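Numbering (the working numbering), first residue to last: 80 to 368.
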């Protein structure tokens with residue numbers, strides 16, 4: 080049995096599933112149950128012995144046996160099949176229709192005076208439902224507008240309010256690093272990040288500099304957080320006194336990754352001078368020139 084990660088176009092979700100099918104990356108598949116099927120695309124195939132459970136930590140399958148069995152039970156009511164060329168054509172045709180509807184709905188929103196930001200429009204695989212994704216600052220009454228859209232487009236209408244994070248995942252973009260945003264390239268789900276994570280890495284707490292396109296703190300702040308925490312376990316804190324061959328100095332600055340301290344000393348005349356000190360693996364100090 081193979082484990083693959085698929086991207087479901089309708090709800091914009093990435094999901095791991097088990098299947099007996101021999102699937103490869105970028106294969107189109109139909110995934111769902113008797114009530115509704117979703118067009119999806121394979122974005123990752125994983126070895127049956129190991130897999131990436133949370134984007135970072137690779138664990139043996141035996142260590143996650145209970146989780147694997149639980150996932151199989153979740154998938155048991157949903158079937159997956161490789162999409163035929165004709166089925167893919169139907170999906171692509173619906174996407175073209177959805178783009179046309181997007182422009183039309185934009186005009187309708189002005190006509191209906193709805194105070195929302197239209198993000199995307201999606202037509203499901205069987206062409207029976209029109210899904211309108213939007214963001215809004217305040218609650219909006221859609222009772223009359225849903226009736227209007229249903230009559231005009233001859234489909235069941237579903238209004239879905241999404242967060243700014245979901246909006247970013249739909250619109251895409253380039254991060255401050257110059258690469259495609261993590262949330263649309265390889266992360267299964269956006270990561271929760273706190274100010275404490277930035278402080279752990281001695282970053283300047285300038286919200287604009289450490290925030291992503293969505294306005295939330297960047298997911299990538301999590302990637303090296305554990306490394307910094309491990310290194311800091313063996314380092315003193317700002318203000319601590321450290322004994323060196325030069326004497327006892329006070330820590331005024333720390334380069335965590337290099338394990339280098341900047342210490343403040345006092346000479347015989349009580350004048351202040353500074354020295355850089357390297358901390359080795361044994362905790363011993365060495366004055367740097």
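Every residue, glycine too, gets a C-beta built ideally from N, C-alpha and C. Because the structure is a prediction, the values reported are computed rather than measured.
Compute the distance between the beta-carbons of residue i and residue j, then report whether it is under 7 Å.
i           : j           : result
residue 279 : residue 307 : yes
residue 342 : residue 357 : no
residue 92  : residue 204 : no
residue 98  : residue 114 : no
residue 106 : residue 121 : yes
residue 277 : residue 289 : yes
residue 239 : residue 263 : no
residue 344 : residue 362 : no
residue 247 : residue 293 : yes
residue 315 : residue 331 : no
Taking buried to mean at least 16 other C-beta atoms within 10 Å of its own C-beta, is residue i buried or exposed?
i           : result
residue 245 : buried
residue 318 : exposed
residue 201 : buried
residue 160 : exposed
residue 260 : buried
residue 108 : buried
residue 313 : exposed
residue 184 : buried
residue 352 : exposed
residue 284 : exposed
residue 251 : exposed
residue 253 : exposed
residue 326 : exposed
residue 173 : buried
Distance, Cα to Cα, residue i vs residue j?
i           : j           : result
residue 176 : residue 310 : 54 Å
residue 281 : residue 296 : 15 Å
residue 119 : residue 221 : 29 Å
residue 364 : residue 335 : 14 Å
residue 143 : residue 84  : For residue 143, the predicted structure reports a pLDDT of 47, less than 50, and the residue's modelled location is therefore unreliable. A value from the coordinates is still provided. Going from the Cα of residue 143 to the Cα of residue 84 covers about 17 Å.
residue 340 : residue 298 : 29 Å
residue 198 : residue 208 : 17 Å
residue 324 : residue 275 : 34 Å
residue 169 : residue 196 : 28 Å
residue 178 : residue 333 : 53 Å
residue 256 : residue 171 : 32 Å
residue 191 : residue 304 : 48 Å
residue 337 : residue 123 : 36 Å
residue 231 : residue 187 : 10 Å
residue 300 : residue 266 : 13 Å
residue 236 : residue 194 : 18 Å
residue 167 : residue 249 : 20 Å
residue 89  : residue 206 : 12 Å
Quick one: which unbroken beta strand (DSSP E) runs of 3-plus residues sit fully inside the segment 217 to 275? Chain order, please.
-> 235 to 240
Within the chosen definition, does the segment 262 to 279 reach the segment 226 to 235 through at least 3 CB pairs nearer than 8 Å?
-> no
Do three or more CB pairs link the segment 232 to 244 to the segment 209 to 217 at distances below 8 Å?
-> Per the Cβ contact rule, the segment 232 to 244 is in contact with the segment 209 to 217 (3 or more Cβ pairs under 8 Å).
Length-filtered (4 minimum) alpha helix (DSSP H) runs lying within the segment 174 to 213 | none
For the segment 273 to 358, list the beta strand (DSSP E) runs that are entirely contained and at least 3 residues long, ordered along the chain.
-> 320 to 323, 326 to 334, 339 to 345 and 351 to 358
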